[in-house]
Structure formats: C-alpha cells, structure tokens
RNA sequence: GGCCCGUUCGUCUAUCGGUUAGGACGCCAGGUUUUCAACCUGGAAAGACGAGUUCGAUUCUCGUACGGGCUGCCA
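Numbering (the working numbering), first residue to last: 1186 to 1654.
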C-alpha cells in the first residue's frame, strides 16, 4: 500500500452535484490507481443547511457511480471538540487571538476599508490587545495572519501560486458560540485523516493559502494540492439548474450507465492523449494530476450520449440486464418477469448496439415488454390507414410452416412481397406496428426470432383483426 | 474596489519553440439500408487581441479584453 490518501468532502446541503461527483471521481481514480486510500468526509459544520436527506443523497450518488470509499464516512460536525482543541492551542501559542467585535462593528470596519481603498485584508483591533483589556462579552477566535511576506501554494494543476500575506485576513476559527468554522475544520480533519493529496474545485484555491496558515502555525506538513477547474453548463456559465442537470440522480434517471458517467466525467478536464473511450482499469492507471486542464470545461450531453452508447454496446448481456433491472427500480417501475428476462437476454444482442441510454434500450425492446393486445404508439395509429394491410392475409398462413430461422423468414417475406408487388420497405412498417406497436424497433426478423412462431402469428392475426376496417 | 486563476475548431481536447495545428463528439455531403437508428466514406471548422524575446512562437514574457473564483461568525 502506498501512502497516498485522498478524500471527497461534500457538504450535505441538497442533491449530490455533478461537479462533486467529478471531484470524487478524480480523487478516487488517483487513490485507486496508486494503491492508496480514498476517504469520504461529510462537511456538516453548518447545522442550518445540513440535512440527513442530503447526506443520503451523497451516499446514494457515490454508490451508483461505483466510487467506493475506505472506512466509514466521517462527520465533520462530530469532530468539533478536536477543532476547538486546536483553536485553543493556537490561542495559547499566540498564533490566534480573541476578538470581541460585534458583527455590526465588523461591517463598519470593512466598509471603511473599502471606502479607503485599503489594499490589505481584514485585521481586528483586538489583534494585539492586552488580556487585561478584555471585556466580558462573547468573542470569536481569529487566526493571526502574518503581516509581511508571502505564501506560496504549490499546486499540481495551477502551478506555484504566490499570494501576499497582507491579502490574507485574520479569519475566524471559532464562532462566538464556540463552534468551529469550516476553514479550521478542513485543515484539522485533512491532517488528522492523513490526507496527502487534496484534489478539489479551484474555488478553493485562495482558501488553500488560508489553510496553509493553519498548517504552518501547527508545524504540520502541507499536503499536495490540485485545484481543478469547475464544470460549466452548455452556455459557458457556471453549472446551474438553469443550464444543465446538476444532480447525479438526474443522470441516473436519464438512463446513463455509471461506467459511461465515469468515462465522460474523467475526460471532462482531464486527458490521456487522444483516448476517449476507456475502462475503469485504464483510467486508474492513466490518471494523473499533470494532465488536468486549467480552464473550465462545458458539460456536453451529445458527447455523454456517445460515450454512453459505446459503453452500452460493449457491456455483456448479463451485466446489462442487471443494470437495466436497477434502472427500472430507480424509475419506480415494475421489475421484469422471468419470461421478459429470457427474451431480453436474446434481444440484447441486436438492441444494445444503437442506443444511447437505458431508456432508449427499453424503448427498443418494447416488442418484448408489451403483451397482447399490443398498444400502438400515437404516431403509428395515424399511419396505419395508409399501409397495405393485405400483406398479412397472405403472409400469416405461410408463417405456419416456414422454418423459424432468419434466412428462411427473409426468403419467405421476399416471396410474399413479389407476390403482391411491393417492396419490403413498404410492408415493414406494418410488421413493426403489429409486432411492437412502434416504428422504432429492431429488425423485423430479429423480433420474429425472439418472439417465436406462436407469438409472432398471434400478434399478426390480432393486428389484422383490429385494423382491417 | 483588492487579490488570484483561466482563454486552441460549435464542444471536449492533443501539442511540452520548428506540425499541412492531430483526435473525438456534433454538424454538412455522399454511400448502404428493413423504420428511428446504426454503419461506411468524404468535408467544413481553432491558437481572444496587441506588443516583446527568438533565426522561428499556439507554446516563453508583459499588457488589453473577456470569463471565472476569493474577499462571510457559508462550505
């Protein structure tokens, strides 16, 4: 086992975001490809916004995406005592101080600084106050940021980022109610969990400097940073509910295989030469921090669909059936019957090659999932009247004796077409409507083979009876 | 306002000073065809802008523009 430890640290404040999923994937790939550990920490220090439902959504999302983490999820809020302990330690060693400013006083100070165009970050007047002057009022604990010099963030993606210490504010470590703030909790938890590589969104790039302050004050080793660009919507704006599906559960419901999501998401912002379609194993061995792009990338459903199509076509039938069953369950639909499963196993051979999602796959297999009487899809109903229904009268009796193999069926159909002087392309729509009630079906012959003689003839007769007019 | 980051075909990207700037998705055209598709062949399509360094810049430096982030007793 290597010493690599990564983590995903989402805050449970809603559905699991697709951006969180990609960050999780990168961390997972990095750790799993290096025999390291991948941990999950729930950042629930904001009690007002954190919910159990959101936490479950994260767990569900991780499970669906197949991103297994080591050990149990860690709750950040449960570690509050340790955060307080560290804050007090910082206080004792003079690396932090008590600040008695009220919120309105802080706002006034801040506005003043803005009006004066002050180039420096916030500093409290209590920064160097003597304990003898302390009032009997609630206080927060602030870190004492250095006045001079600069902090360098060595980032594997962004390069060396230099930030002047005068730009770093004396951020709050402990709120006036004694509860720890995110910035402190992150640093302490990452250290305590032994996280060696922090791969996260680049909205945290500036925060890294603040967190380094804490690491330095405690003499802790600074982890390797990799700040990855955020995902944008198709309109180039930050991903939001207005321009994209933001939660992973939506992608699950759209019927994209988890493997395709992993493939697509990995390729979004990271590359391995010209490789577009790859397996988890390849991704694990190929993934590296150096090949992560620096600019945000737009989410492209067309490309996702293409990757999804490739994955579905390359999945073996048994596994596909298993996933399809899970999809049905997720959609709250009844499970397949044993008969349907048996037919599906056969039809997957020719239906899985041209669909881009599980929902399309199911549509393709409508001829199996429907039972007599076959209901027609709306658009078919209108076209029925223009079709040469008499072909059924000639065809159906002959199906009784033909050998039930594809080439014999084709031969027979061609013969019948000659008889009635029509092209097969003209009669095919009738057969599709009769067999599947749809125009989006697999090959007529493939359907006949899977359905079998009895069911095929049954459907044709029923169709003729219903629509002969 | 201050600070930080980014910018190659419509989109995702390759290129680590010298290439006809490559691939993929999508798009267009043609072919095949048993529908929707799938499949095959071909095509159009890019270095934000301006300086500089250099024999030579997409690549290095600076500036501008545009986009993004941080600047909370949110995470």
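Positions of the beta carbon are idealized from the N, C-alpha and C atoms, including for glycine.
Might you give, ordered along the chain, the residues of its own chain that have their beta carbon closer than 7 Å to the beta carbon of residue 1596, omitting 5 neighbours on each side? none
So which of 1466, 1639, 1337, 1450 has the shortest CA-CA distance to residue 1353? 1337
Please report the residue range of the beta strand (DSSP E) in which residue 1192 lies. 1190-1193
Contact set for residue 1599: own chain, Cβ-Cβ below 8 Å, skip 5 residues either direction: 1609
Do residue 1217 and residue 1223 count as a contact pair if the criterion is CB distance below 8 Å? yes
Within the region 1400-1452, note down every full alpha helix (DSSP H) run reaching 4 residues or more, in order along the chain. 1433-1439, 1443-1452
In three-state terms, what does DSSP make of residue 1572? coil
Helix or strand or just coil, what does DSSP make of residue 1231? coil
When we look at the beta-carbon of residue 1563 and count the other beta-carbons within 10 Å, is it buried (16 or more) or exposed? exposed
By Cβ distance, which residues of its chain are closer than 7 Å to residue 1457, with the 5 residues on each side in sequence left out? 1471, 1476
For the alpha helix (DSSP H) holding residue 1268, just list the boundary residues, first then last. 1265-1277
Looking at residue 1413 and residue 1374, is the spacing between their C-beta atoms short of 8 Å? no
For residue 1371, count neighbouring C-beta atoms within 10 Å of its own C-beta (all shown protein chains included) and say buried if the count is 16 or more, exposed if not. buried
Tell me whether residue 1337 sits in a helix, a strand or coil according to DSSP, three-state version. strand
Below 8 Å CB to CB, which residues in the same chain sit around residue 1535 once its five sequence neighbours on both sides are set aside? 1627, 1628, 1631
What are the boundary residues of the beta strand (DSSP E) that includes residue 1382? 1382-1386
Residue 1587 beta carbon less than 8 Å from that of residue 1593: yes
Ordered along the chain, which non-local residues of its own chain (more than five positions away) have a Cβ less than 7 Å from that of residue 1355? 1307, 1308, 1309, 1312, 1327, 1328, 1329, 1330
DSSP bridge partner residues for residue 1202 (one or two, in chain order): 1432
Whole-angstrom distance between residue 1537 and residue 1546, CA atom to CA atom: 7 Å
Take every Cβ of the region 1244-1264, pair it with every Cβ of the region 1290-1300, and state whether three or more of those distances are shorter than 8 Å. no
Applying the 10 Å Cβ sphere with the 16-neighbour rule, what's the burial state of residue 1239? buried
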